[in-house]
Every structure is written in C-alpha cells, then in structure tokens.
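Plus 1 on top of the position in the sequence shown (first one is 1) and you've got my numbering.
Glycine is no exception: its CB is placed at the ideal position from the N, C-alpha and C atoms.
Owing to the predicted nature of the structure, the values given are computational and were not obtained by experimental measurement.
For reference, the structure is listed below as structure tokens.
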Amino acid sequence: MSATFIFKPEKTYSTLNKEFMLMNKLSYLGIVICLALLVMSALSLAAEFTDGLVVYLPFDEGAGGTTKDVSGNKNNGKLEGKIKWANGKFGKALQFNGEASASWVMVKSSKQLNVDSFTFMAWVNFENWDGVKQVVGKSVHGGCSGRGQYGIFSEGGSLKLRMETEAGRIDITAKSPETKKWVHLACTNNGKEGIIFVDGKEAGKGKTPGKLKVNDDPWAIGQDCERLNYIPTGLIDEARLWNRVLSEKEIGDYMKMGAKEALAVNPQAKLPVAWSRVKTEY
C-alpha cells in the first residue's frame, strides 16, 4: 500500500503577508527614529555651540571698518591699519600684512572677556611663523597696562599659549604650524591645565599655576596691545572665545562649521554634522 503525502506549508499566504506588513511598519519606525535622532542631535549641536560663547567674529562682512560679534554679546571688533578683506576658510576672512601695515582687530574690554576657564579657536593661514606672530591676546606681552590674561602666538620657533596668572606665568609650547595653508588653532584652560590643539588634535599642554589676571585692556587679534608689533602676514578667520572648556570632540566638530552651520536656526542646516554624529554614536 503506497503512502500519501500531503504538503502543508508552515505559513499560509495570509500569515506571510501579515509578517511582511509588520516588517514594513518596523522599517518605517526605524526611519522615523533615525530622523528624530538627527534632529535632536542637530538641536543639541546648536545648544552646545552657544553655551558659554563670549565672542564670535566670523569676519564675513567682506567690506567696512568693523566686524560683528555674532554671539549676541556685542563684543564687536574695530579694524585698524591697512587690514584687508579676503576669501576665508568659511566665507570671508581678514588679511594682515605685517608690522608696517599696523593691521589688527581691536575688541574693547568687557567683563566677559576677562576669562579664567576658556576656549579660544581660529583658522589661520600665515606666510611664516618667524619671530613673534600674534594670533590673539589680552595684553599678554606687556603693552597697555602690563602683562595679563592670555595669548597665543609664535616665539622662538614654537607656537605658544602664554597665561599670566596670579601665581605666575606659564608658557605652553607646541610645534609651529604649517605655513601657506589653512590650519586650525585652539587652546583651552580649565584652571589647572592649559592645552594647545592644532587641527583638532592635542599638540601641547602644561599646568596652570593659578587664576588668570584681570585687566581692562582690549582683546587684540593680530598684534600686541597698542604697540603695533608682532603682526603676522597672512589670514585669520572664524575667531571664537568661550568661557568654558570645550572637549577635543567639540573642538573637532566646531572647527568644521562656519557661522552659517554653527548658528543656523533651522536644524536641517546641521544635519550633515548630526548624521556624522549619529553614525558614530549609534
């Protein structure tokens, strides 16, 4: 007697269709969650960037004798000497033309600018780093009322972060940056340690002996205070100062953004940066 086999599929067409529909719903849910993470991350970037931001000079005007602080704190800069506008890393930048040009940017002192814990950053493109070439400082070389606060500049063949504290001076050094190309410089101080970053990576660090001195001297970009010396030949763009210490990751994120991306009201403008963060963190 021959056996009769009846094939019974484990799942009916109806069951398979239901499972397929469920998988589609889960896919849509995944897309929604991913988009939500993107928007949340973009909004987080906006909040983090402006947290503690004291002054931000993107130098995007392209003309005129003043440059606007887009942080909202009205620490606007006045252009002095034979300073010129040029194409920058993002938008426009300022071109400094050596000591004979007397070119620099003067930001009047304010309580906000007398920082202790801080982060400064800017993009620079200098023809050379010979001698002393000032990026930024607040009376750090002895001009105006004397030596105080901090400055970042070249000296003795090195890049230096100098801090004048109530307990004495500290010079933190790093290798001189490359010339004739855009280089990102940043420095931080948390009250105990100062760090120099070049192109987003730690390049030098040292212990801070005390609290930074306070003075009423201007915040000077491109020269020492009032003496019209130490002026570089080259470009400076995207000068920013916070009254908090940014992490290396924050420095790496923010150096990639111009004012349009960093301060955009619409989170979609930050989605490329946010997407990069989501891929890394999730």
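If you measure between the beta carbons of residue 76 and residue 113, is that distance less than 8 angstroms?
yes
From the DSSP output, in three-state form, read off residue 263 for me.
helix
Where residue 229 sits in the DSSP three-state scheme:
coil
Does the Cβ of residue 178 have 16 or more other Cβ atoms within 10 Å, making it buried, or fewer, making it exposed?
Answer is buried; the Cβ neighbour count reaches 16.
Determine the extent of the beta strand (DSSP E) in which residue 156 is found, giving its start and end residues.
150-156
From which residue to which residue does the alpha helix (DSSP H) around residue 253 run?
Looking at the DSSP string, the run of the alpha helix (DSSP H) that includes residue 253 is 249-255.
Give the single residue among 149, 62 and 106 whose Cα lies nearest to the Cα of residue 80.
Restricting attention to 149, 62 and 106, the CA atom closest to the CA of residue 80 is found in 106.
Do the region 148-164 and the region 185-201 touch if we need at least three Cβ pairs shorter than 8 angstroms?
yes
What three-state label does DSSP hand residue 159 in the structure shown?
strand
Given a cut-off of 8 angstroms on the beta-carbon distance, is the pair residue 119 and residue 166 in contact?
no
By a C-beta neighbour count over all protein chains shown, 10 Å radius and 16 as the cutoff for buried, is residue 161 buried or exposed?
buried
Give me the Cα-Cα distance between residue 264 and residue 157, rounded to the nearest whole angstrom.
38 angstroms
Could you tell me whether any Cβ in chain B is nearer than 8 angstroms to the Cβ of residue 214?
This model lacks chain B altogether; it includes just one protein chain.
Taking C-beta to C-beta, are residue 245 and residue 52 nearer than 8 angstroms?
yes
Rounded to the nearest angstrom, what separates residue 168 and residue 210 at their Cα positions?
When rounded, the distance between both Cα atoms is 6 angstroms.
Measuring alpha carbon to alpha carbon, tell me which residue in 104, 174 and 57 is nearest residue 74.
57
Closest to residue 66 by C-alpha separation, out of 238, 191, 86 and 236, would be which residue?
86
For residue 64, count neighbouring C-beta atoms within 10 Å of its own C-beta (all shown protein chains included) and say buried if the count is 16 or more, exposed if not.
exposed
Please state whether the Cβ-Cβ distance between residue 122 and residue 185 is less than 8 angstroms.
A distance below 8 angstroms separates the beta carbons of residue 122 and residue 185.
Give me the DSSP bridge partner(s) of residue 56.
242
How long is the line joining the alpha carbons of residue 187 and residue 55, rounded to whole angstroms?
15 angstroms
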